[in-house]
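Using the working numbering, the first residue of the sequence shown is number -2, and each one after it goes up by one.
Think of the CB as a built atom: it goes at the ideal place given N, C-alpha and C, for glycine as much as any other residue.
Being a predicted model, the structure only gives us computed values, none of them experimental.
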Amino acid sequence: MTVGADDAKREDRARIARQFIEAIPHARALGMHVEDIGDGKATISMPWAPHLVGDPRRNVVHGGVVSALMDTSCGAAVMAHPERPRSTATIDLRIDYMRAARAGQRITARAECYHITRSVAFLRAVAMDEDGDGPVAAATGTFTVER
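Put into structure tokens, the structure is as follows:
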């Protein structure tokens, strides 16, 4: 296979993964944006917005919003895997919240599908805000793989 063909397949996987994310109304409502995707990895960001705040005293984004971002980035990483699954769904997602995201800052989640079997994908992800002062959250998860 030529390099050009590899690039075309990678772009096709990226297109499918972007469509996967754009089809999720919740992802659109949260303002998620695909920053980078391909070869079993996905980076998705989300801007801070007042309607996403869970702690109005400190203007901190709700933990459920961070969870949705991490879940979506993991699903996109599965869809972008070279094995080319047709669809995926979350089986299990464990999230460790390490600190509150800074008020007013974009949150970015980076996910990697590090192992895939015939029916299950294994992922890890990290969410950071703009200041990069350590992770906001880290996750590990398993997702279905439908071929």
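Take residue 92, set aside five residues on each side of it, and the residues of its chain with a beta-carbon closer than 7 Å to its own are 64, 67, 134 and 136, in chain order. Taking 8 Å as the cut-off, the Cβ atoms of residue 72 and residue 140 count as close. Counting along the chain, residue 68 sits inside the alpha helix (DSSP H) bounded by residues 60 to 76. Membership of residue 25 in any beta strand (DSSP E) is not indicated; the residue belongs instead to the alpha helix (DSSP H) covering 22 to 26. For residue 6, DSSP records no beta bridge to any residue. If you compare the alpha carbons of 24, 115 and 88 with that of residue 106, the shortest gap goes to 24. Closest by C-alpha distance to residue 61, out of 27, 89 and 18, is 27. One Cα belongs to residue 69, the other to residue 122, and the distance between them is close to 10 Å. The beta carbon of residue 53 sits closer than 7 Å to no other beta carbon from its chain once the five residues preceding and following it are set aside.
Membership of residue 35 in the beta strand (DSSP E) is indicated by the continuous run 30 to 35. About 19 Å separates the Cβ atoms of residue 35 and residue 20, ruling out a contact at the 8 Å cut-off. The beta-bridge partner set that DSSP reports for residue 139 consists of 89 and 119. 78 is the residue among 132, 78, 74 and 55 whose C-alpha sits nearest the C-alpha of residue 3. With fewer than 16 other Cβ atoms inside 10 Å of its own Cβ, residue 114 counts as exposed.
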